[in-house]
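> I have a structure I would like to understand better, so I am pasting it below and will then ask my questions one at a time.
Residue numbers (full-length UniProt numbering): 1 to 444.
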């Protein structure tokens with residue numbers, strides 16, 4: 001009996017060590033830097049579309065869904081690290097290879113590369129479009145001025161800001177950058193709140209503005225999950241900690257996600273309450289071009305997007321390093337790979353000024369699996385707990401929600417693609433489908 005208790009204690013201690021103690025010496029980052037990086041990854045760019053998600057879901061249900069997506073984000077990124085500890089892996093790719101073999105590794109590597117890479121392209125496009133509108137408000141700057149050329153803006157911001165920041169090797173060094181991004185986001189929130197008070201009463205409320213739920217709730221979940229995704233860089237941020245333990249990671253995650261969801265709910269609520277059913281996919285498109293306060297908000301948002309860009313570049317570079325260089329890059333290859341990734345992303349953003357359905361499908365095919373499906377599927381494969389353990393039950397629920405959202409939205413967008421094909425074949429149908437295609441575009 002005594003020996004059985006000893007063996008049981010050893011087994012419990014081993015399991016505790018596995019999920020609590022660091023697997024390696026970790027990096028040089030502190031908890032605050034990691035927290036700022038998580039918050040920046042969540043609200044750095046996607047927050048701008050959250051008022052639109054309230055319009056799609058219905059305001060009361062939208063707020064509930066936003067809290068739900070935040071909970072899933074909090075739970076699943078902790079689950080990711082827990083799965084990494086249980087499988088003795090320290091990257092998202094290796095975790096999936098350990099649980100689902102080489103095929104799973106290839107699928108995850110593709111998703112983990114495509115999502116941030118396409119996000120980088122979209123960030124450049126947003127930067128070019130947003131800052132040109134800001135500079136147009138400067139006295140003496142006309143339509144022929146170089147500051148109104150989106151291509152010039154993209155090139156300048158890339159060379160001066162995003163490329164140098166992306167050349168860092170340690171993601172912890174982006175902690176201060178993410179703090180600046182967070183402060184600018186708070187400034188944007190204050191601007192939106194002020195305009196809710198000053199502009200809201202002047203905007204007529206749309207019909208059924210306060211209805212509990214609307215038919216596009218699942219599409220709203222997609223917009224929210226696109227905003228809250230930070231899973232693709234979770235292992236990078238976790239590995240940057242001086243003491244990478246599950247307890248430290250859980251503490252950082254809870255605080256970061258809580259702060260992010262508070263800011264997000266306030267922003268979404270104030271933005272929606274101002275314009276209700278007239279809310280655009282980019283809330284700043286609702287404000288007048290000659291609104292100087294909104295123009296300052298646009299400037300802050302443009303800078304925030306620039307400061308979020310390097311976090312995505314870190315992930316794409318890590319995927320390339322793991323697939324082609326066994327996870328390690330020399331200084332020369334580190335610079336070369338970074339420059340190539342940014343050059344290609346910048347080149348695409350210079351040629352195209354709207355990615356339309358590509359961006360939306362990126363959210364469906366990449367964000368949904370990375371947030372809902374893969375973390376829970378990996379944990380369920382690794383878990384040695386009983387089937388009715390709370391972690392297993394919650395993981396199954398999140399997995400089912402992810403599959404449902406992905407299936408529904410893929411079928412929805414397939415019909416939109418067919419509709420767009422019909423537009424090209426039968427121009428007379430244009431009026432019928434124009435509003436639906438516009439809705440699809442705005443959800444990006």
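Built from N, CA and C at the ideal position, the CB exists for glycine as well.
These numbers were taken from a predicted model, which means no experiment stands behind them.
For residue 22, I'd like the list of residues in its chain whose CB is within less than 7 angstroms of its CB, leaving aside the five on either flank, ordered along the chain.
Unreliable placement is indicated for residue 22, whose pLDDT of 45 sits below 50; the coordinate value is still reported in the next sentence. Answer for residue 22: 243, 244 and 245, listed in chain order.
> From the DSSP output, read off the bridge partner residues of residue 241.
Beta-bridge pairing links residue 241 to 29.
> For residue 82, which three-state DSSP category applies?
Three-state DSSP puts residue 82 in a helix.
> Taking 7 angstroms as the threshold (C-beta atoms), are residue 366 and residue 115 in contact?
Yes, Cβ-Cβ distance for residue 115 and residue 366 is below 7 angstroms.
> Which residues bound the alpha helix (DSSP H) around residue 347?
Element bounds for residue 347: 331-351.
> Could you pull the start and end residues of the alpha helix (DSSP H) that residue 254 belongs to?
Unbroken alpha helix (DSSP H) run through residue 254: 246-275.
> In this structure, does DSSP put residue 140 in helix, strand or coil?
Note: residue 140 maps to coil in three-state DSSP.
> So, for residue 74: in the same chain, excluding its five sequence neighbours on each side, which residues have a beta-carbon less than 7 angstroms away from its beta-carbon?
253, 254 and 257.
> Assuming contact is defined by CB atoms lying nearer than 7 angstroms, are residue 161 and residue 306 in contact in what I supplied?
Against a cut-off of 7 angstroms, the Cβ pair of residue 306 and residue 161 comes out as a contact.
> Specify the secondary structure class of residue 327 as computed by DSSP and reduced to three states.
Correct three-state label for residue 327: coil.
> Hey, quick one: how far does the alpha helix (DSSP H) through residue 94 stretch, first residue to last?
Counting along the chain, the alpha helix (DSSP H) containing residue 94 begins and ends at 92-135.
> For residue 203, which of helix, strand or coil comes out of DSSP?
Correct three-state label for residue 203: coil.
> For residue 279, does the three-state DSSP call read helix, strand or coil?
Correct three-state label for residue 279: coil.
> Does DSSP classify residue 229 as helix, strand or coil?
Residue 229: coil per DSSP, three-state reduction.
> Out of 37, 170, 82 and 180, which has the shortest C-alpha to C-alpha gap to residue 304?
The residue with the shortest Cα to Cα distance from residue 304 is 180.
> Expressed to the nearest angstrom, what Euclidean distance is found between the alpha-carbon atoms of residue 140 and residue 292?
Answer to the nearest angstrom: the Cα atoms are 16 angstroms apart.
> When DSSP labels each residue in this structure, what does residue 222 get in the three-state scheme?
Of the three classes helix, strand and coil, the one that applies to residue 222 here is helix, per DSSP.
> Between which two residues does the alpha helix (DSSP H) carrying residue 369 extend?
No alpha helix (DSSP H) holds residue 369; DSSP gives it neither H nor E.
> Is it true that the CB of residue 240 sits closer than 7 angstroms to the CB of residue 321?
Not a contact, by the Cβ cut-off of 7 angstroms.
> Would the beta-carbon of residue 51 fall within 7 angstroms of that of residue 278?
Against a cut-off of 7 angstroms, the Cβ pair of residue 278 and residue 51 comes out as no contact.
> If we count the other Cβ atoms within 10 Å of its Cβ and call it buried at 16 or more, is residue 13 buried or exposed?
Residue placement at residue 13 is flagged as unreliable, the pLDDT there being 41, under the threshold of 50; the coordinate-derived value follows with that caveat. Result: exposed.
> Applying the criterion that 16 or more other CB atoms from any shown protein chain within 10 Å of the CB defines a buried residue, is residue 247 buried or exposed?
Answer is exposed; the Cβ neighbour count stays below 16.
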